[in-house]
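Notes follow the structure.
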Amino acid sequence: MAAADYIYAAGAGRRTDVSVANTSLHGGAARVTLWFYANTGSATRLKVEAVQATTVLASSIVAQSSGFGWRSVSSPMLQGLNEIGLQDLRLRFTTLDGGNSNVRAAYVQAVFDPCAPEYGKFGPGQWPSACWRPYGTTSPFNRKLPSNPRLIHGSQAASAAIVGRVIGDISQRDHPNNLASHPRGIFGEPTYYPDAGDPMYTLRCDPPPGWGPCSIEGHQVRIPAAAAPEGGWGAAPADDRHMAIIDQTSGWEYNLWQVRGTGPLPPNGGTLTFTFGGRSRIVGDCAGLAADGTNCETTTPGHGTAAHFAGLAGRVRAEELQAGRIDHALNITINCDSGQAVYPARHAGRSCSEIPLSNLDAPPMGALFQLGMSVAEIDALDPQKVKPWHKVFLRAMAEYGMYLGDTGSEGLFSIETEAGNQYLTVGHADPWRTYGQANWEPWTHDGITEYVGKFFAPRDPDPDLWWKNNIWSHLRVLDPCVAAMTC
């Protein structure tokens, strides 16, 4: 806004949005504070909001009879904005009660936090670093939990009942599923970052009868010709065989389920067939909302995951473990759900009644679990039983939580991670293998050595008991309003 310009309301309920100039963050993020110079008359209040798409990230009220002065607006939602989010940011001024208010100047202060390589330049050898997070700061996967969150249904008993079912009859084991690295990188779900030199493929959905149309049918995307799905091309056809493709030019993330074929892909492009899939915004806006890590198609129910989460939502990357910090919620799989879905999920998975078990007190798809321990309590856990790599996960469970995104885990839960084959197929070393060798236990079978990360104490007489009593007993289930920011 030029120094000679100003905004005068001249009426109650008048609203003006002010956009900000585009600023390059070179792949990093910014800690943002909004500043404005304004006054209010004796019968007027001024509401000031930071808005991205249709989402209010922060707000403040200037009281009646406030003289001219510099004032600021900030919130946790303005910390860590990526470049797209910053460019989409607007200052909204609304008069309340009366119209006597002047806004004479406004600007955005963005403190740059470097994060290289920058989005748009990801690819083989230029992997996203640990500080990069997909989606916007308003995404439930990217928000830290409040200090005293509301429990599901506002009830300790309701939370305890769901946790009791998960720890009890729903799970077939008394510990989470192991993490593992394999020489062929076949564990986890791969993500690919194509560039303009990669071949173009036409996407073909082949869903079972009654599934309805697929939102990405016929779309054309570039994919590295060496790409392989989850489990590799040798995975059984009935396996999940996920694949995520990030189109950095358009800002769309394509998520495919049950990629077909025995591989490799046709080297010069062609058709890629899969059972079902969908796309989500990884940056920018979709359906009037900032990218939040869910499928945002408004007319066609395409999806690549049971909950309709985006593939990268809550998925742990090797670069994060190497850095010793996971700055987002986790995406987990549990054996079955209640047959219902809550925000941020849009669809349920396998209900417990299908296995068959009771749906009573089973977690709904999208349930938000939190480890109710402080970071200090986690850091003080017995180092003989809880290793440094464990604490990286436990801190994320406490600070950001875990969203139920799929069903079918035999353990208490399994944690969604990226795959080693996304590196190996394009000619690079697998960082999961390196991390596993340094932090996990070797396990050799059939002439193959894997490295396994176990969430239990294997050398104890009862390997699961200590973890169950000292860690998993602190799990709780939060109300969906916490994820939706409505309570």
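Residue numbering for the sequence shown follows the working numbering, beginning at 83 and increasing consecutively. Glycine is no exception: its CB is placed at the ideal position from the N, C-alpha and C atoms. Note that this is a predicted model, so its numbers are computed, not measured.
For residue i, the first and last residue of its enclosing alpha helix (DSSP H)
i: E401; result: A400 to A405
i: E165; result: E165 to Q169
i: E459; result: V457 to D461
i: N552; result: L547 to N552
i: A240; result: Q238 to R247
i: Q504; result: N503 to L506
Integer-rounded CB distance, given that residue j should sit under 8 Å from residue i
i: R127; j: I143; result: 6 Å
i: Q134; j: T220; result: 7 Å
i: S148; j: N121; result: 6 Å
i: H358; j: C296; result: Note that residue 358 is Phe in the sequence shown here, rather than His. Correct: roughly 6 Å between the Cβ atoms.
i: L560; j: R232; result: 7 Å
i: A392; j: E335; result: 5 Å
i: N184; j: Y90; result: 5 Å
i: A317; j: P311; result: 7 Å
i: N337; j: G313; result: Contact doesn't hold; Cβ gap of about 16 Å is too wide.
i: Y217; j: A373; result: 4 Å
i: L403; j: Y517; result: 5 Å
Residue span of the beta strand (DSSP E) that contains residue i, given as start and end
i: L557; result: L557 to L560
i: P532; result: First, the residue type needs correcting, since residue 532 is Glu and not Pro in the sequence shown. Residues I530 to G535.
i: W334; result: W334 to V341
i: M484; result: M484 to T489
i: N121; result: A111 to T122
i: H494; result: For the record, residue 494 in the displayed sequence is Leu; it is not His. Counting along the chain, L494 falls outside any beta strand (DSSP E), and DSSP gives it neither H nor E.
i: Q452; result: L450 to L453
i: L139; result: T137 to V144
i: T98; result: R97 to S101
i: Q302; result: Q302 to R304
i: S154; result: G151 to V155
DSSP state of residue i mapped onto helix, strand, coil
i: T355; result: strand
i: K469; result: coil
i: M325; result: strand
i: D512; result: coil
i: E523; result: strand
i: A187; result: strand
i: R225; result: coil
i: M282; result: strand
i: E131; result: strand
i: I234; result: helix
i: N413; result: strand
i: Y425; result: coil
i: G316; result: coil
i: A85; result: Here the model assigns A85 a pLDDT of 45, short of 50, so the residue's position is not dependable, and the following value carries that caveat. It is coil, neither helix nor strand.
i: F572; result: Residue 572 is absent from the model: the chain starts at 83 and stops at 569.
i: N259; result: coil
i: Y517; result: helix
i: C569; result: coil
i: V193; result: strand
i: A92; result: coil
i: D443; result: coil
Same chain only: Cβ atoms within 6 Å of residue i, ignoring 5 sequence neighbours per side
i: W214; result: C197
i: D367; result: A135
i: W471; result: N521
i: T499; result: G270 and V398
i: V245; result: L557
i: A480; result: L453 and M455
Minimum Cβ-Cβ distance from residue i to chain D less than 7 Å
i: D419; result: The structure shown has no chain D; it contains just one protein chain.
Contact under 7 Å by Cβ, residue i with residue j
i: F537; j: A411; result: no
i: P272; j: Q504; result: yes
i: G490; j: T387; result: no
i: H301; j: L285; result: yes
i: A243; j: D443; result: yes
i: T62; j: W315; result: With the chain covering only 83 through 569, there is no way to say anything about residue 62.
i: V102; j: V190; result: yes
i: I327; j: V303; result: yes
i: V138; j: A192; result: no
i: V424; j: P445; result: no
i: A94; j: L168; result: no
i: T426; j: T376; result: Just to set this straight, residue 426 is Pro in the shown sequence, not Thr. Yes, these two residues count as a Cβ contact at 7 Å.
i: V365; j: G406; result: no
Proximal residues to residue i (C-beta, below 7 Å), its chain only, five neighbours per side dropped
i: P524; result: T531 and Y533
i: K467; result: A539 and W548
i: N441; result: S420, G421, S433, C434 and S435
i: P289; result: C296, T357 and F358
i: R172; result: D99, V100, S101 and V133
i: W554; result: I249 and L494
i: G396; result: F223, H410, A411, L412, N413, Y485, G487 and E498
i: H527; result: none
8 Å Cβ shell around residue i - same chain, five flanking residues per side excluded
i: A140; result: L116, E131, A132, V155, S156, S157, M159 and L160
i: E401; result: W209, P210, S211, A212 and P513
i: E492; result: S253, Q254, R255, N259 and N417
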